[in-house]
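K.L.:
At position 200 of the sequence shown (counting the first as 1) the number is 208 in this note's numbering, and the numbers step up by one without a gap.
Don't be surprised by glycine CBs; every beta carbon is placed ideally from N, CA and C.
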Amino acid sequence: MTQPVKPKRPRGKASLVEGKCIACGARCQSACPVDGIEMGDSGEPRIVEDKCIGCVKCVKACPGNALEIFYPPEELAILALLEKEAGQADDGVDEEERLRREAIAAWRGVWVFVEQTEGEPARVSWELMGAGAGLAGSLGTELCALVIGENVEHLCHEAFAYGATRAYLLDQPVFRHYRTEAYLEACCSLIETYKPEIVLMGATGMGRDLAGAVATRVKTGLTADCTGLDVDDRRNLRQTRPAFGGNIMATIMCDRFRPQMATVRPHVMQMPGRREGATGEIVRETCAIREADILTKVLEIIRDKKGGVDIAGAEFIVSGGRGMMAKENFGLLQELADELGGVVGASRSAVDAGWMPHERQVGQTGKTVRPKIYIACGISGAIQHLVGMQDSDMVIAINRDKEAPIFQVATYGIVGDLFRVVPALTSQLRQLKQSTIR
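1) Using 8 Å for Cβ pairs, my map puts Ile404 next to Ile381. What's the rounded Cβ distance?
2) If you count every other CB in all the chains shown that lies within 10 Å of the CB of Ala432, and 16 or more means buried, which is it?
3) Taking only three categories from DSSP, how would you classify Phe324?
4) Give the DSSP-derived three-state secondary structure of Asp399 in the structure shown.
5) Give me, in chain order, the residues of the same chain whose beta-carbon lies closer than 6 Å to that of Val132; leave out the 5 immediate sequence neighbours on both sides.
6) Does DSSP classify Gly213 as helix, strand or coil?
7) By Cβ distance below 7 Å, which residues in the same chain neighbour Asp43 in space, the five residues on each side in sequence not counted?
8) State yes or no: is the C-beta of Ala69 within less than 8 Å of the C-beta of Val25?
9) Could you tell me if Glu123 is buried or exposed, where buried requires 16 or more neighbouring beta carbons within 10 angstroms of its beta carbon?
10) Spatial neighbours of Gly27 within its chain, please: C-beta separation below 6 Å, excluding the five flanking residues on both sides.
11) Could you pull out every residue in the same chain whose Cβ sits closer than 6 Å to the Cβ of Met364, ignoring the five residues on either side in sequence?
12) Excluding the five sequence neighbours on either side, which residues of its own chain have a C-beta within less than 7 Å of the C-beta of Gln37, listed in chain order?
13) Taking the beta carbon of Tyr420 as the centre, do at least 16 other beta carbons fall within 10 Å, making it buried, or is it exposed?
14) Flag this pair as yes or no: are the beta carbons of Val429 and Ile383 separated by less than 8 Å?
15) Does the Cβ of Pro71 have 16 or more other Cβ atoms within 10 Å, making it buried, or fewer, making it exposed?
16) Please say whether Val207 and Phe265 have beta carbons closer to each other than 8 Å?
17) Might you give, ordered along the chain, the residues of its own chain that have their beta carbon closer than 8 Å to the beta carbon of Asp217, omitting 5 neighbours on each side?
18) Using only the alpha-carbon positions, how far apart do Leu437 and Glu347 sit?
19) Just the Cα atoms here: how many angstroms apart are Gly362 and Lys65?
20) Of all the beta strand (DSSP E) runs that stay within the bounds of the stretch 172-245, which reach a length of 3 or more residues?
21) Under 8 Å Cβ to Cβ from Gly329, same chain only, skipping five residues before and after it: list those, please.
22) Between Val67 and the rest of its own chain, which residues show a CB-CB distance below 6 Å, the 5 nearest in sequence each way excluded?
23) Among the residues of its own chain, which have a CB less than 8 Å from the CB of Asn244, if the five just before and after it don't count?
24) Hey, how far is the Cα of Arg35 from the Cα of Ala258?
25) How would you write the range of the beta strand (DSSP E) that Ile77 sits in, first residue to last?
26) Going by other Cβ atoms of all chains shown within 10 Å of its Cβ, with 16 needed for buried, is Gly331 buried or exposed?
27) I'd like to check one pair, Asp179 with Glu161: are the Cβ atoms closer than 8 Å?
28) Can you tell me whether DSSP reads Glu83 as helix, strand or coil?
29) So for Leu307, helix, strand or coil by DSSP?
30) Assuming Ala270 is part of the beta strand (DSSP E), what are its boundary residues?
31) Of all the options Gly171, Phe427, Cys29, Arg106, which has the alpha carbon lying nearest to the alpha carbon of Thr287?
32) By Cβ distance below 7 Å, which residues in the same chain neighbour Glu193 in space, the five residues on each side in sequence not counted?
33) State yes or no: is the C-beta of Trp115 within less than 8 Å of the C-beta of Glu57?
34) Leaving out five residues on either side along the sequence, give the residues of the same chain with a beta carbon under 7 Å from the beta carbon of Ala169.
35) In angstroms, rounded to a whole number, what distance separates the CA positions of Leu107 and Ala113?
36) Rounded to the nearest angstrom, what separates Leu163 and Ile199 at their Cα positions?
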């Protein structure tokens, strides 16, 4: 009597999840070994079902989880039969995916590097604590601070006030001043010992220098200048940043290596509330690096005493763009800014024209700002500018073109001639101030 033939396990077909494709550049098509994927005009893949062999390579290559394996009803019935015979469900994970999961399973925790200069912390570190707390909550893990320096234990307690539950402290004379070699050894030593799955740093001069060096040493990926951070259901960090000159927003993931690293510009993330009296665990560590091992020496720190305008920290900003027409017309904006107690900013086109200095530029290649009120005058609203100011508490846009993109992010929009609107606003503010004084 012949034995019944056991049905072969079906492999299914790849299928596009509607609305999830991020047009990453045809990674799925490159991964397909049978040329079973064609790319549409919009950058989305089209599965050629006759060619698809269900190898899952395109699913694994997709950074946006936009592809999945689809099984028709008859194949689902076969799968159910096989699972019943085996006595347990088979999740369909191949050996490569299983090894990937095992490799990253030991990495847990969200770390924020606390940047400091002579014991004075950078504000972006606390902003990242707020973002890190959200990520840690989604992952069900700890939010930890990484504090390196000399006589900087007080920063651990400050980190607890902003949401950290643990702080890794390296407090040695060799770390008094920031030098790449010393901080690199310290960071890599702690990462190798404690294995955090996410490491966040500010996109400052120090953060950009250190993050790139650390990512290279530990052989992982790094996404710079992120504007958004969240996690998917596979514990992958979804890192959003402007790409192609700011014309699109790209979501980047590092799903095969740990830790996942990202830098974020100051004022991009919301400053978290401070919890007075919050406590946490301080883990004191040491690093074997010696002063003699470091070639770079810091002789003196010279602070800028020019008293320049810091638009990144301003609460009221009046910005002008190409619609200002000439340099001398920015005097109108200065008058309005003076009445508000704010500062004058500019778009890239105004800076490129020489009407305003670069330190006043708002946008992707300038400063990221988060004021209480942002008044955009004669600014069309290119995405490069929007990424630098769209998180303002209130945006007031003044533009002749009612179709200008700036109105899409504006709280209030005024369609009109800025050379009439701005003086009218300035005059009205003066009258209100005078009536208040009386």
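P.N.:
In short, the structure shows the following:
1) About 7 Å separates the two Cβ atoms, so the contact holds.
2) Exposed.
3) If DSSP states are grouped into helix, strand and coil, Phe324 belongs with the strands.
4) In this structure, Asp399 counts as coil in the three-state DSSP scheme.
5) Once the five neighbours on either side are set aside, the close Cβ partners of Val132 are Gly210, Pro274.
6) Secondary structure at Gly213: helix, using DSSP grouped into helix, strand and coil.
7) Here Asp43 has Lys59 as same chain residues with Cβ atoms under 7 Å from its own Cβ, once five neighbours each way along the sequence are excluded.
8) Cβ distance not < 8 Å, so Ala69 and Val25 don't count as in contact.
9) Of the other Cβ atoms in all chains shown, 16 or more fall within 10 Å of the Cβ of Glu123; this residue is therefore buried.
10) Apart from the 5 residues on each side of it in sequence, Gly27 has no Cβ closer than 6 Å to any other Cβ in its chain.
11) Setting aside the 5 residues that flank it on each side, Met364 is surrounded in the same chain by Ala354, Ala358, each with a C-beta closer than 6 Å to its C-beta; the list follows chain order.
12) Hits under 7 Å: Ile45, Met47, Pro53.
13) Exposed, because fewer than 16 other Cβ atoms sit within 10 Å of the Cβ of Tyr420.
14) Here Val429 is not near Ile383, since their CB atoms are 8 Å or more apart.
15) Classified as buried, Pro71 has 16 or more neighbouring CB atoms from the shown chains inside 10 Å of its CB.
16) Not in contact: Phe265 and Val207 (Cβ atoms no closer than 8 Å).
17) Same-chain partners within the cutoff: Thr188.
18) Annotation: Leu437 to Glu347 spans about 7 Å, alpha carbon to alpha carbon.
19) Their backbone Cα atoms lie some 51 Å apart in a straight line.
20) Segments of the beta strand (DSSP E) lying fully in the stretch 172-245: 174-179, 206-210, 230-234, 236-239.
21) Shown here for Gly329: same chain residues with a beta carbon closer than 8 Å to its own, the five before and five after excluded, namely Ala354, Ser355, Ser357, Ala358, Ala384, Cys385, Gly386, Ile387, Ser388, His393 in chain order.
22) For Val67, where only same-chain residues beyond five positions count, the Cβ hits under 6 Å are Leu75.
23) Result list for Asn244: Met261, Cys262, Asp263, Gln268, in chain order.
24) Rounded to whole angstroms, Arg35 and Ala258 show a C-alpha spacing of 14 Å.
25) First-last of the beta strand (DSSP E) with Ile77: 75-78.
26) Using a 10 angstroms sphere on the CB of Gly331, the tally of other CB atoms reaches 16 or more, which defines it as buried.
27) With a cutoff of 8 Å on beta-carbon distance, Glu161 and Asp179 are scored as near each other.
28) Helix, per DSSP.
29) The three-state secondary structure of Leu307, taken from DSSP, is coil.
30) Looking at the DSSP string, the run of the beta strand (DSSP E) that includes Ala270 is 268-272.
31) Measuring from the Cα of Thr287, the nearest candidate turns out to be Gly171.
32) Once the five neighbours on either side are set aside, the close Cβ partners of Glu193 are Cys295, Ile297.
33) The answer is no: Cβ separation not under 8 Å.
34) The answer, listed in chain order, is Arg282, Arg283, Glu284, Ala286.
35) One Cα belongs to Leu107, the other to Ala113, and the distance between them is close to 10 Å.
36) If I take the Cα positions, the gap works out to 20 Å.
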